[in-house]
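Protein chains: 2
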Amino acid sequence: MFVTHLECPKCKKTYESEQIIQLCECGAPLIVRYDLKKVAASVTKQDLLSRPATLWRYKELLPVRDEKNVVSLGEGMTPLCRMDRLGAKKGFKNLYMKDEGIIPTGTFKARGATVGVSRAKELGIDTLAMPTNGNAGGSWAAYCAAAGIRSCIIMPQDAPDINRREVAITGADVYLVDGLISDAGKIVARAVQKYGWFDASTLKEPYRIEGKKTMGLELAEQFGWDVPDVILYPTGGGVGIIGIYKALRELQEMGWIGEKMPRLVAVQASGCAPIVKAWEEGRKESDFWEGAHTLAFGITVPKALGDFLVLDAVYKTDGCAISIDDDEVLAAQKELAELEGDFICPEGAATFAAAEKLLKKGWIRPEEKVVALNTGTGLKYPDTVNVDIPVMAPSDDL
Amino acid sequence: MFVTHLECPKCKKTYESEQIIQLCECGAPLIVRYDLKKVAASVTKQDLLSRPATLWRYKELLPVRDEKNVVSLGEGMTPLCRMDRLGAKKGFKNLYMKDEGIIPTGTFKARGATVGVSRAKELGIDTLAMPTNGNAGGSWAAYCAAAGIRSCIIMPQDAPDINRREVAITGADVYLVDGLISDAGKIVARAVQKYGWFDASTLKEPYRIEGKKTMGLELAEQFGWDVPDVILYPTGGGVGIIGIYKALRELQEMGWIGEKMPRLVAVQASGCAPIVKAWEEGRKESDFWEGAHTLAFGITVPKALGDFLVLDAVYKTDGCAISIDDDEVLAAQKELAELEGDFICPEGAATFAAAEKLLKKGWIRPEEKVVALNTGTGLKYPDTVNVDIPVMAPSDDL
Numbered sequence: 000m001f002v003t004h005l006e007c008p009k010c011k012k013t014y015e016s017e018q019i020i021q022l023c024e025c026g027a028p029l030i031v032r033y034d035l036k037k038v039a040a041s042v043t044k045q046d047l048l049s050r051p052a053t054l055w056r057y058k059e060l061l062p063v064r065d066e067k068n069v070v071s072l073g074e075g076m077t078p079l080c081r082m083d084r085l086g087a088k089k090g091f092k093n094l095y096m097k098d099e100g101i102i103p104t105g106t107f108k109a110r111g112a113t114v115g116v117s118r119a120k121e122l123g124i125d126t127l128a129m130p131t132n133g134n135a136g137g138s139w140a141a142y143c144a145a146a147g148i149r150s151c152i153i154m155p156q157d158a159p160d161i162n163r164r165e166v167a168i169t170g171a172d173v174y175l176v177d178g179l180i181s182d183a184g185k186i187v188a189r190a191v192q193k194y195g196w197f198d199a200s201t202l203k204e205p206y207r208i209e210g211k212k213t214m215g216l217e218l219a220e221q222f223g224w225d226v227p228d229v230i231l232y233p234t235g236g237g238v239g240i241i242g243i244y245k246a247l248r249e250l251q252e253m254g255w256i257g258e259k260m261p262r263l264v265a266v267q268a269s270g271c272a273p274i275v276k277a278w279e280e281g282r283k284e285s286d287f288w289e290g291a292h293t294l295a296f297g298i299t300v301p302k303a304l305g306d307f308l309v310l311d312a313v314y315k316t317d318g319c320a321i322s323i324d325d326d327e328v329l330a331a332q333k334e335l336a337e338l339e340g341d342f343i344c345p346e347g348a349a350t351f352a353a354a355e356k357l358l359k360k361g362w363i364r365p366e367e368k369v370v371a372l373n374t375g376t377g378l379k380y381p382d383t384v385n386v387d388i389p390v391m392a393p394s395d396d397l
Numbered sequence: 000m001f002v003t004h005l006e007c008p009k010c011k012k013t014y015e016s017e018q019i020i021q022l023c024e025c026g027a028p029l030i031v032r033y034d035l036k037k038v039a040a041s042v043t044k045q046d047l048l049s050r051p052a053t054l055w056r057y058k059e060l061l062p063v064r065d066e067k068n069v070v071s072l073g074e075g076m077t078p079l080c081r082m083d084r085l086g087a088k089k090g091f092k093n094l095y096m097k098d099e100g101i102i103p104t105g106t107f108k109a110r111g112a113t114v115g116v117s118r119a120k121e122l123g124i125d126t127l128a129m130p131t132n133g134n135a136g137g138s139w140a141a142y143c144a145a146a147g148i149r150s151c152i153i154m155p156q157d158a159p160d161i162n163r164r165e166v167a168i169t170g171a172d173v174y175l176v177d178g179l180i181s182d183a184g185k186i187v188a189r190a191v192q193k194y195g196w197f198d199a200s201t202l203k204e205p206y207r208i209e210g211k212k213t214m215g216l217e218l219a220e221q222f223g224w225d226v227p228d229v230i231l232y233p234t235g236g237g238v239g240i241i242g243i244y245k246a247l248r249e250l251q252e253m254g255w256i257g258e259k260m261p262r263l264v265a266v267q268a269s270g271c272a273p274i275v276k277a278w279e280e281g282r283k284e285s286d287f288w289e290g291a292h293t294l295a296f297g298i299t300v301p302k303a304l305g306d307f308l309v310l311d312a313v314y315k316t317d318g319c320a321i322s323i324d325d326d327e328v329l330a331a332q333k334e335l336a337e338l339e340g341d342f343i344c345p346e347g348a349a350t351f352a353a354a355e356k357l358l359k360k361g362w363i364r365p366e367e368k369v370v371a372l373n374t375g376t377g378l379k380y381p382d383t384v385n386v387d388i389p390v391m392a393p394s395d396d397l
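These protein sequence lines map, in sequence, to chains Y and F. Residue numbers for the first sequence follow numbering that gives the first Met the number 0, beginning at 0 and rising by one. Residue numbers for the second sequence follow numbering that gives the first Met the number 0, beginning at 0 and rising by one.
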């Protein structure tokens with residue numbers, strides 16, 4: 000393993016990595032650091048080609064010491080698809096989708112879970128707990144089951160039915176709370192305190208980012224060790240955008256990609272857009288968003304623990320932040336299914352709506368390589384589709 | 000393209016491939032034949048490594064002339080996962096799952112659809128129709144949308160809600176029939192006759208098998224151009240088992256794998272087991288199964304058009320056929336989720352139950368390499384999971 004230490008991006012304090020740890024003393028999330036020179040000397044791009052098409056092909060850039068601790072369901076190397084029919088209609092010459100619906104548990108949460116749970120196993124954690132709006136719980140419960148780690152998952156009572164079921168079937172301890180995810184988070188915090196469990200809440204442990212960063216590694220490999228011009232990312236907790244930025248910086252430091260960085264776009268829902276507001280005001284952190292509500296429940300995060308890291312990635316790459324209304328989200332989702340055949344989640348659809356707006360504004364140029372990141376399959380969001388289907392008798396003709 | 004012609008496996012009549020065609024004159028499905036010597040001279044195993052991780056990496060063994068006609072959503076190269084925790088419990092030393100849940104539209108139907116629709120596009124088909132119990136319709140509607148081909152999908156009124164929605168969002172013409180899939184099939188047949196549409200029913204066109212055969216190509220590549228000892232396949236229409244057998248024979252003829260063939264096992268539900276009955280009686284074709292019923296609705300096929308091909312593949316590989324009760328299916332599904340973290344479909348779960356039975360019987364030996372083929376994600380089968388989750392107040396403690 001090439002991990003050297005953990006580092007606080009806020010106060011710069013460093014920590015030894017071979018210990019069970021949550022946040023920095025200052026309350027900020029911890030970041031994993033590697034000896035990138037050694038990584039570059041140990042593996043070549045060519046070496047990757049004969050490895051399986053999972054995110055573990057980048058094992059030298061992942062924080063697991065012993066491969067026997069890797070808990071994998073075959074996740075990663077999700078398709079990068081050209082969206083030529085949609086692109087032609089909207090005026091893009093090079094529009095792509097990175098489709099994170101094609102992954103175990105049906106959402107990109109699997110990336111954080113495979114790395115987070117593998118590392119938890121390696122460090123000897125026997126029980127972890129987390130609050131979830133649904134999809135993260137589904138992923139972490141699955142990987143914990145595979146690891147033989149007990150998981151305790153708490154979700155709001157209005158969490159989607161499919162998430163309850165996917166967690167329940169793994170044998171996880173699952174609870175509903177008559178409240179919000181913040182209430183679930185408080186119950187988790189009390190239980191962690193009381194029983195000594197590990198808290199796997201977003202960014203409260205250092206390894207979920209490492210899983211999410213593999214989206215950036217894959218994009219670089221899929222573009223032939225180059226980067227696109229723009230990446231649009233649906234931003235709730237923002238772990239993915241933080242991870243993609245980190246991945247590309249690491250590849251630069253290794254000399255695997257050049258100086259160019261893609262402009263990173265944080266896409267939020269109009270009903271919960273704290274990062275957008277902070278970016279518009281030129282600030283480095285966001286304020287708590289009161290009364291958050293959007294049908295894209297995966298990005299309903301009123302105040303992200305890593306907001307300063309998200310904003311930093313946006314500023315450093317000359318990116319931007321933009322919000323999308325729910326009706327634009329649904330329209331984009333439908334249009335994509337009709338033109339490209341992809342049934343994607345509302346969070347992913349928001350990135351297509353955002354790309355269109357930014358093209359119209361001139362912020363994106365028609366010939367640029369643009370990647371919209373879809374974070375999950377529409378199959379987990381059946382209620383986003385209206386159905387009114389005619390019923391025939393067997394003797395009827397079309 | 001390396002296709003030479005189409006061939007009837009029953010009466011051996013041959014057909015020119017560059018035409019729109021359905022069945023042989025004798026009523027049997029048509030099979031695609033290639034100049035395998037030329038394929039072997041045109042591509043090497045090494046060439047594949049730098050191609051994307053989709054089933055189109057095997058383009059020389061697929062029936063599309065011009066790559067611009069390929070309609071892809073990034074399907075294929077699904078994970079092959081070791082099932083070590085389940086294996087240890089049951090007594091397998093080398094148990095694997097090929098996970099076809101990790102694919103666009105969430106089931107292996109995407110393989111037949113990507114190849115079938117690409118070829119339909121190439122041949123200039125503008126409208127196709129098909130009856131479906133659900134998942135095939137979901138896949139074909141998606142790929143047709145991406146191809147700009149109009150699709151007309153008819154499913155029974157009791158088809159799962161998720162399938163109606165995934166078809167509807169693509170803009171397909173979708174109808175429910177107050178009857179069975181056989182009633183839907185008759186409506187399709189009348190409409191095809193009346194309007195000159197293409198009939199995409201199972202095995203009524205030659206190209207779906209070619210898509211499904213890529214499971215066999217991938218397994219060979221994933222095992223390092225070797226084959227496992229046993230492959231268990233949930234068998235309804237049986238296109239997959241026919242395809243896997245065809246793929247391995249083609250690879251043998253190309254010299255890419257050796258003489259060894261895996262023993263192919265057709266797994267059916269006790270409530271609909273025509274192939275098992277035929278195999279037990281040593282017959283070459285099956286009888287219509289009256290009163291078919293199982294919760295594994297994807298394999299509820301009372302009489303498959305390709306039954307003689309399925310049975311041939313089983314006999315030629317010294318395989319077998321076995322049926323599983325619905326309660327065994329649900330138990331296997333739950334056990335897999337608890338031990339391995341995978342939420343799979345009931346059809347896939349049946350193959351694990353079958354493997355266990357065959358191990359107990361001594362038909363499978365503990366050290367053999369055994370592949371259970373899971374055909375879809377459990378996310379499309381929420382009703383297979385019972386949920387009874389405690390509700391907490393925000394002030395409650397765990």
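By construction, the Cβ of each residue, glycine as well, lies at the ideal position given by its N, Cα and C atoms. Small disclaimer: the values here were computed from a predicted structure and weren't measured.
Original post:
Measuring CA to CA, which of L397/F, Y380/F and W278/F is closest to L263/F?
Top reply: W278/F
Original post:
Around the Cβ of C344/Y, are there at least 16 other Cβ atoms within 10 angstroms (buried) or fewer (exposed)?
Top reply: buried
Subject >> Cβ-based contacts, 7 Å cut-off: residues of the stretch 27-58 of chain F near chain Y >> reply: L48, S49, A52 and T53
**OP:** Please name the residue in L202/Y, G170/Y, A167/Y and W224/Y whose C-alpha comes closest to that of G184/Y.
**Re:** L202/Y
Original post:
Of all Cβ atoms in chain Y, is any one closer than 8 Å to the Cβ of G375/F?
Top reply: no
Original post:
Hey, Y232/Y and A265/Y: beta-carbon distance below 8 Å or not?
Top reply: yes
**OP:** Please work out which residues of its chain come closer than 6 Å, Cβ to Cβ, to V42/F, disregarding the five sequence neighbours upstream and downstream, and give them in chain order.
**Re:** E59
Original post:
Measuring CA to CA, which of E217/F, F342/F, S322/F and G26/F is closest to W255/F?
Top reply: E217/F
Original post:
In or out: P78/Y buried (at least 16 other Cβ within 10 Å) or exposed?
Top reply: buried
Subject >> Span of the alpha helix (DSSP H), counted from its first residue to its last, around M253/F >> reply: V238 to M253
Original post:
Is the Cβ of L338/F closer than 8 Å to any Cβ of chain Y?
Top reply: yes
Subject >> As assigned by DSSP and simplified to three states, the class of V264/F >> reply: strand
Original post:
At a CB-CB cut-off below 7 Å, which residues of chain F make contact with T169/Y?
Top reply: A336, E337 and G340
**OP:** Compare the C-beta of E165/F with all C-beta atoms of chain Y and state if any pair is closer than 8 Å.
**Re:** yes
**OP:** Could you pull the start and end residues of the alpha helix (DSSP H) that C143/F belongs to?
**Re:** Here the alpha helix (DSSP H) through C143/F covers N134 to A146.
Original post:
When you compare only the Cα positions, how much space is there between A145/Y and T126/Y?
Top reply: 13 Å
Original post:
Could you give the distance in angstroms between the alpha-carbon of L175/Y and the alpha-carbon of M154/Y?
Top reply: Approximately 5 Å between the Cα atoms of the pair.
Original post:
Of the choices W55/F, R64/F, K36/F and V187/F, whose alpha-carbon is the least far from that of Q18/F?
Top reply: R64/F
Original post:
Nearest-angstrom Cα distance between I363/Y and V114/Y?
Top reply: Straight-line Cα distance between these residues: approximately 34 Å.
Original post:
When the Cα atoms are used, what is the spatial distance from K36/F to G318/F?
Top reply: 28 Å
**OP:** Return the CA-CA distance between D177/F and N134/F, expressed in angstroms with no decimal places.
**Re:** 18 Å
Original post:
If we ignore side chains and look at the alpha-carbon of each, how far apart do V191/Y and V370/Y end up?
Top reply: 39 Å
Original post:
If you check the beta carbons only, do T299/F and C271/F fall under 8 Å apart?
Top reply: yes
**OP:** Could you check the C-alpha separation between V229/F and E367/F for me, to the nearest Å?
**Re:** One C-alpha to the other measures close to 8 Å.
Subject >> Nearest candidate by alpha-carbon position, reference V313/F, set G281/F, L329/F, G147/F and M253/F >> reply: Selection G281/F, L329/F, G147/F and M253/F evaluated against V313/F yields G281/F as nearest (Cα-Cα).
Subject >> Beta-carbon proximity list for P365/Y, same chain, < 8 Å, skipping 5 on both sides >> reply: G90, F91, K92 and L358
Subject >> chain F contact for M76/Y (CB, 8 Å cutoff) >> reply: yes
**OP:** Report, in whole angstroms, the separation of the C-beta atoms of K108/Y and G75/Y, which I expect to be a contact under 8 Å.
**Re:** With 8 Å as the limit, K108/Y and G75/Y do not qualify as a contact, their Cβ atoms being about 13 Å apart.
**OP:** Using alpha carbons as the reference points, say which of K212/Y, D46/Y and K97/Y lies closest to V31/Y.
**Re:** K212/Y
Subject >> 8 Å Cβ cutoff, G105/Y in contact with chain F >> reply: yes
Subject >> Through-space distance from T131/Y to D157/Y, alpha-carbon basis >> reply: C-alpha separation (whole angstroms): 11 Å.
Original post:
Given that a residue counts as buried once 16 or more other Cβ atoms are within 10 Å of its Cβ, and exposed if not, what is L40/F?
Top reply: According to the sequence shown, residue 40/F is Ala rather than Leu. Answer is exposed; the Cβ neighbour count stays below 16.
**OP:** Have a look at the DSSP bridge pairing and note the partners of I153/Y.
**Re:** P130/Y and Y174/Y
**OP:** Within its chain, find whatever has a CB closer than 7 Å to the CB of Y380/Y; leave out the 5 residues flanking it on each side and keep chain order.
**Re:** Once the five neighbours on either side are set aside, the close Cβ partners of Y380/Y are C344 and P345.
**OP:** Output, in chain order, the set of chain Y residues within a Cβ distance shorter than 9 Å of C151/F.
**Re:** L397
**OP:** Run down chain F in chain order and give the residues with a C-beta less than 7 Å from the C-beta of Y174/Y.
**Re:** I388, P389 and M391
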